[in-house]
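Going down the list, the sequences are from chains P and V. Per my numbering, the very first residue in the first sequence carries number 1; after that it's consecutive. Per my numbering, the very first residue in the second sequence carries number 1; after that it's consecutive. Backbone N, C-alpha and C define an ideal beta-carbon position, used for all residues, glycine too. All of these numbers come straight from a predicted model, not from anything done at the bench. This report refers to the structure that appears directly beneath it.
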Amino acid sequence: MFDIIGKRFWYFLISGIVILAGIIALFVFGLKPGIEFKSGSEVTISFAQPVDKQQVIQALADLGYGSGSAIVRKAGTDFIFDLPELNDAAKAALRTGLTDKVGQFQDGGFQLVSAKAAADTARNAAIAVIISAIGMLVYISWAFHRMPNPFRWGVCAVASLVHDVLVVVGVFAILGGIFGWQVDLMFIAGVLTVIGYSVNDTIVIFDRIRENQKKGISPDFEAVVNYSLVETMSRTLITGIGTLFILIALLLVIGASIQNLAVVLLVGIVTGTYSSIGTAASLLVVWRKGEWGRFLHPARA
Amino acid sequence: MSGRNTLIFMVVLTIFVLSLFVVFPIEKGKLGGRGIRLGLDLQGGTRIVYKADLSGVKPSDAAGAIDGAIAVLENRINPMGVAESSVRRLGSDQILVEVPGKSLTDAEKERLSRVALLEFGELATEGEEAKWEDELGKWKPATAVIDGQEKELTSAYFKENTYVRQDNLGNILLVFEWNEKGSKLSEEVTGRLIDKPLGIFEGDAPLLGDDGRPIAPTVKSQISTNGQIEGLSLKEAQTLSKQLNAGRLPVPLHRTGDEKNVEPWLGADFVSKSLKAGIIGILATMLFMIIYYRLSGFIASLALVYYAVLTLAIFKLLPGTMFTLTLAGIGGFVLSVGMAIDANVLIFERMKEEMWGGRGLGAAIDAGFNRAWPAIWDSNITTILAGVILYWLGSSNIIASDMAKGFAVTLIIGVAVSMFTAITVTRTFLRPFVGTGLARHTSLFAPYQRKANV
Numbered sequence: 001m002f003d004i005i006g007k008r009f010w011y012f013l014i015s016g017i018v019i020l021a022g023i024i025a026l027f028v029f030g031l032k033p034g035i036e037f038k039s040g041s042e043v044t045i046s047f048a049q050p051v052d053k054q055q056v057i058q059a060l061a062d063l064g065y066g067s068g069s070a071i072v073r074k075a076g077t078d079f080i081f082d083l084p085e086l087n088d089a090a091k092a093a094l095r096t097g098l099t100d101k102v103g104q105f106q107d108g109g110f111q112l113v114s115a116k117a118a119a120d121t122a123r124n125a126a127i128a129v130i131i132s133a134i135g136m137l138v139y140i141s142w143a144f145h146r147m148p149n150p151f152r153w154g155v156c157a158v159a160s161l162v163h164d165v166l167v168v169v170g171v172f173a174i175l176g177g178i179f180g181w182q183v184d185l186m187f188i189a190g191v192l193t194v195i196g197y198s199v200n201d202t203i204v205i206f207d208r209i210r211e212n213q214k215k216g217i218s219p220d221f222e223a224v225v226n227y228s229l230v231e232t233m234s235r236t237l238i239t240g241i242g243t244l245f246i247l248i249a250l251l252l253v254i255g256a257s258i259q260n261l262a263v264v265l266l267v268g269i270v271t272g273t274y275s276s277i278g279t280a281a282s283l284l285v286v287w288r289k290g291e292w293g294r295f296l297h298p299a300r301a
Numbered sequence: 001m002s003g004r005n006t007l008i009f010m011v012v013l014t015i016f017v018l019s020l021f022v023v024f025p026i027e028k029g030k031l032g033g034r035g036i037r038l039g040l041d042l043q044g045g046t047r048i049v050y051k052a053d054l055s056g057v058k059p060s061d062a063a064g065a066i067d068g069a070i071a072v073l074e075n076r077i078n079p080m081g082v083a084e085s086s087v088r089r090l091g092s093d094q095i096l097v098e099v100p101g102k103s104l105t106d107a108e109k110e111r112l113s114r115v116a117l118l119e120f121g122e123l124a125t126e127g128e129e130a131k132w133e134d135e136l137g138k139w140k141p142a143t144a145v146i147d148g149q150e151k152e153l154t155s156a157y158f159k160e161n162t163y164v165r166q167d168n169l170g171n172i173l174l175v176f177e178w179n180e181k182g183s184k185l186s187e188e189v190t191g192r193l194i195d196k197p198l199g200i201f202e203g204d205a206p207l208l209g210d211d212g213r214p215i216a217p218t219v220k221s222q223i224s225t226n227g228q229i230e231g232l233s234l235k236e237a238q239t240l241s242k243q244l245n246a247g248r249l250p251v252p253l254h255r256t257g258d259e260k261n262v263e264p265w266l267g268a269d270f271v272s273k274s275l276k277a278g279i280i281g282i283l284a285t286m287l288f289m290i291i292y293y294r295l296s297g298f299i300a301s302l303a304l305v306y307y308a309v310l311t312l313a314i315f316k317l318l319p320g321t322m323f324t325l326t327l328a329g330i331g332g333f334v335l336s337v338g339m340a341i342d343a344n345v346l347i348f349e350r351m352k353e354e355m356w357g358g359r360g361l362g363a364a365i366d367a368g369f370n371r372a373w374p375a376i377w378d379s380n381i382t383t384i385l386a387g388v389i390l391y392w393l394g395s396s397n398i399i400a401s402d403m404a405k406g407f408a409v410t411l412i413i414g415v416a417v418s419m420f421t422a423i424t425v426t427r428t429f430l431r432p433f434v435g436t437g438l439a440r441h442t443s444l445f446a447p448y449q450r451k452a453n454v
């Protein structure tokens, strides 16, 4: 029998390190806002021939969009530029200039965002996450209302949800710092999906703990939790791996435009699977056993 | 096979065949002709957000004014010949316009949101308060007293039958007819202004002719029933005529600067790639399930195909106002496929335990399904709950985001269908094996036995 839950303080340590790294990255690099979260124009174009990124950056600089005002992202022959707000005349000038300096291309898309709309989007995304978390807390507390301390189950599930959101945001801060990845609406959609997955995964484990506790397989809560984790382990892994297959296919086939969504989900499913055990179930045991003081002395755990 | 299971089997099979017909119609008839409504990011098109200037409207009339503006915008977009365009309220004072499959220029966007109210003016005398000023001088609204009230002469008194014609000299004429009140007003005003110029203004600016100069004809005779405006370009005259007929906006609209345009080829690219990715992903998952769960896994794979076909059929059948597939929605679909696998995995794991415990296939199926049910229910309900919250936020003033709504609906439908396929379809397909020779080979249904010991 594997002793999974006995290593709970190690899980807290690992989570703590990952989240701390993310928070440091958040402070050092910040999140790179995508077009929806800042004002300006996003222009997507597709060159007829493969084009060197440096050449495009140079051409944009010559047209008056230097590194201060232009961000250039490349995905195959597709390029995405973040530029200041452009009107039709400026767009036409940009089109002619790029054709002259770089080569023929096809227009892909154009997006204009005002500063007001950007601020609204960022605020709304935060509201969505918070309201979802509260909804989960209420439902889980209700679903486990026949158990002693139903509120604890809800709190532990939401704690693992918050854990996952923090990890995903932290990873994106790091990716943003290193590769210049931006946080856009797809990222938000991904985070909301991760919330769903995380809670789903936690509930399956909680449900098994509830069932085993009712059966009274052991008077020791820790043993009940551990037994439940072992029983559900293969399901946890298989569902996780199955979902990852589909995600990897999305990432490889669709590429840059869905990159954010797919990577958020990849990270989220890994951390969501981990946190159901490492955060939700572990916290439940810590709470039940009143081990909060041992957080300060994990070495004795 | 018991009689009851045969019946369920037939129902399940019928639903599948019907779904197949919806997804892959042989004849593009009533059902088959409908496509999944694609969001702008997948279909290409233009999205514009206008903000209404409600400063001149009483707070109690604000909602009515916005509804009126929406109706007018719809009337203006419809003649563009774009199917499925949508005009909706966003928040308290914004209007979202989506025109699929078409890129609008700045000029077209401005034209779409013009108030289309022409105001007539007369030259202001020294010391009088002027409303407009142009190269011809200072102007004040041309007014007349009717029924004891002073009224301004505007196109609000036009009948909705203006049209454009060319006279013998090739001049473009925008012809209009006054309604009853307008006739009286016009009689008074033009009677007073004979041999004087009559200015025409739209908003803060004079109406400009094809030559770029303000249009301000000199009144030659009293006008009572109908009149004409000369000097506009043909295109301008036609647009203006259409807009005058379609009604003027009750409130001025301004572009908020929240705009998006996706070229159709980019959207089509996403669709074909998503489809390919979905097929590859589902095939890989099926292979994995078959390797891990053998015969059960094969049946779960059938259930997964069933799931994909049924979900697509529902996407197709839902009205466009309820469901729009966006790139983010594809993400929701992926998660729901994960859930569909999960329900099967939960059931098979329970079945495995039952069969290791020595039960026969039939008993193991029943016990496995019954014992897995609470976990499937609770976990899926929390996901549906997240979806419902997101949908509510997406349609409310708080978030008002199509992306959020599309994602939420995909997720909710996906999870609901996955519960049905995992429970009903998988069980129905497994049942026929009960009592056959295959059922004795436990390893086909519950492979990889490890002794669970506490």
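Relative to the alpha-carbon of residue i, which residue among the options has its alpha-carbon at the smallest distance?
i       : options                            : result
D366(V) : M351(V), G358(V), S379(V), G357(V) : M351(V)
Q149(V) : V262(V), A313(V), K184(V), E160(V) : K184(V)
L38(V)  : P264(V), A237(V), E230(V), V337(V) : P264(V)
K235(V) : D53(V), P252(V), A107(V)           : A107(V)
A455(V) : L325(V), F315(V), R213(V)          : Coverage of chain V is limited to positions 1 through 454, which leaves residue 455(V) absent and any answer about it impossible.
Q94(V)  : Q238(V), K151(V), L118(V), D258(V) : D258(V)
A128(P) : A156(V), L385(V), T436(V)          : L385(V)
T99(P)  : L63(P), V204(P), V113(P), P84(P)   : L63(P)
D53(V)  : G127(V), T382(V), W132(V), V251(V) : V251(V)
R114(V) : R76(V), G121(V), A142(V)           : R76(V)
D41(V)  : A116(V), L327(V), K181(V), F420(V) : L327(V)
V409(V) : G329(V), M286(V), G44(V)           : G329(V)
G435(V) : G360(V), L207(V), F16(V)           : G360(V)
G227(V) : E135(V), R111(V), Y163(V), G209(V) : Y163(V)
Q111(P) : V305(V), T256(V), F270(V)          : T256(V)
Give the residues of chain V in contact with residue i, contact being defined as C-beta atoms less than 7 Å apart.
i      : result
R73(P) : Within 7 Å Cβ-Cβ: nothing; R73(P) doesn't reach chain V, min ~15 Å.
N87(P) : D106
Which chain P residues are close to residue i, counting only those with a beta carbon under 8 Å from its beta carbon?
i       : result
M10(V)  : Near M10(V) there are no residues of chain P at all, since even the closest Cβ is about 30 Å away, more than 8 Å.
N179(V) : Neighbours of N179(V) on chain P: none; closest Cβ ~38 Å, over 8 Å.
M339(V) : N200
So residue i contacts chain V; which residues on that side make the cut at Cβ distance below 8 Å?
i       : result
V169(P) : Those do not exist, as V169(P) stays about 17 Å from chain V at its closest Cβ, beyond 8 Å.
Since residue i is in the beta strand (DSSP E), which residue starts that stretch and which ends it?
i       : result
V175(V) : 172 to 177
F201(V) : 199 to 202
E152(V) : 149 to 152
P100(V) : 94 to 100
N226(V) : 226 to 230
Y163(V) : 163 to 166
S228(P) : Not the beta strand (DSSP E): S228(P) falls in the alpha helix (DSSP H), residues 221 to 254.
K214(P) : That residue, K214(P), is in no beta strand (DSSP E); its alpha helix (DSSP H) goes 185 to 215.
D134(V) : 132 to 134
V145(V) : 143 to 146
D258(V) : 253 to 262
L266(P) : No beta strand (DSSP E) contains L266(P), which is instead part of the alpha helix (DSSP H) from 259 to 275.
Hey, residue i and residue j are a contact pair by Cβ (cut 8 Å); roughly how many whole angstroms apart?
i       : j       : result
H254(V) : Y391(V) : Not a contact, Cβ separation roughly 29 Å.
G190(P) : G331(V) : 7 Å
M186(P) : N260(P) : 4 Å
E354(V) : A363(V) : 7 Å
I200(V) : I223(V) : Going by Cβ atoms, the distance from I200(V) to I223(V) rounds to 13 Å, so no, they are not a contact pair.
Examine the ligand GTP and report whether any of its heavy atoms sits within less than 6 Å of the Cβ of residue i.
i      : result
L38(V) : As far as ligands go, the structure on display features none, and thus does not contain the ligand GTP.
Can you list the residues of chain P that residue i reaches, using a CB-CB cut of under 7 Å?
i       : result
P264(V) : Those within 7 Å of P264(V) in chain P number zero; the least Cβ separation is about 10 Å.
S379(V) : N200, I203, V204
Output, in chain order, the set of chain P residues within a Cβ distance shorter than 9 Å of residue i.
i       : result
D342(V) : N200, D201, V204, R235, I238, T239, G242, T243
F445(V) : What F445(V) touches in chain P: nothing, since even the nearest Cβ is about 15 Å away.
Could you give the first and the last residue of the continuous alpha helix (DSSP H) run that contains residue i?
i       : result
L104(V) : Neither: L104(V) is in no alpha helix (DSSP H) and is coded neither H nor E.
Quick one: list the residues of chain V neighbouring residue i, beta-carbon separation under 9 Å, in chain order.
i     : result
I4(P) : Those do not exist, as I4(P) stays about 13 Å from chain V at its closest Cβ, beyond 9 Å.
Within 8 Å, do at least three Cβ pairs link the region 317 to 329 of chain V to the region 288 to 303 of chain V?
Fewer than three Cβ pairs drawn from the region 288 to 303 of chain V and the region 317 to 329 of chain V lie within less than 8 Å of each other, which leaves the two stretches out of contact.
With a cut-off of 8 Å, do at least 3 Cβ pairs link the region 423 to 443 of chain V to the region 8 to 17 of chain V?
Touching, yes.
Is the region 274 to 286 of chain V close to the region 181 to 200 of chain V, with three or more CB pairs under 8 Å?
No, the region 274 to 286 of chain V is not in contact with the region 181 to 200 of chain V.
Meets three-Cβ-pair contact criterion under 8 Å: the region 225 to 240 of chain V and the region 169 to 181 of chain V:
The region 225 to 240 of chain V vs the region 169 to 181 of chain V: in contact.
With a threshold of 8 Å, are at least 3 pairs of Cβ atoms found where one atom belongs to the region 85 to 104 of chain V and the other to the region 293 to 302 of chain V?
In short, these stretches do not touch, since the Cβ pair count stays below three.
Spell out a yes or no on whether the region 7 to 25 of chain P and the region 157 to 174 of chain P are touching, meaning 3 or more CB-CB pairs, one atom from each, closer than 8 Å.
Using a Cβ-Cβ distance cut-off of 8 Å, the region 7 to 25 of chain P and the region 157 to 174 of chain P are in contact, since at least three pairs of beta carbons, one from each stretch, lie closer than that value.
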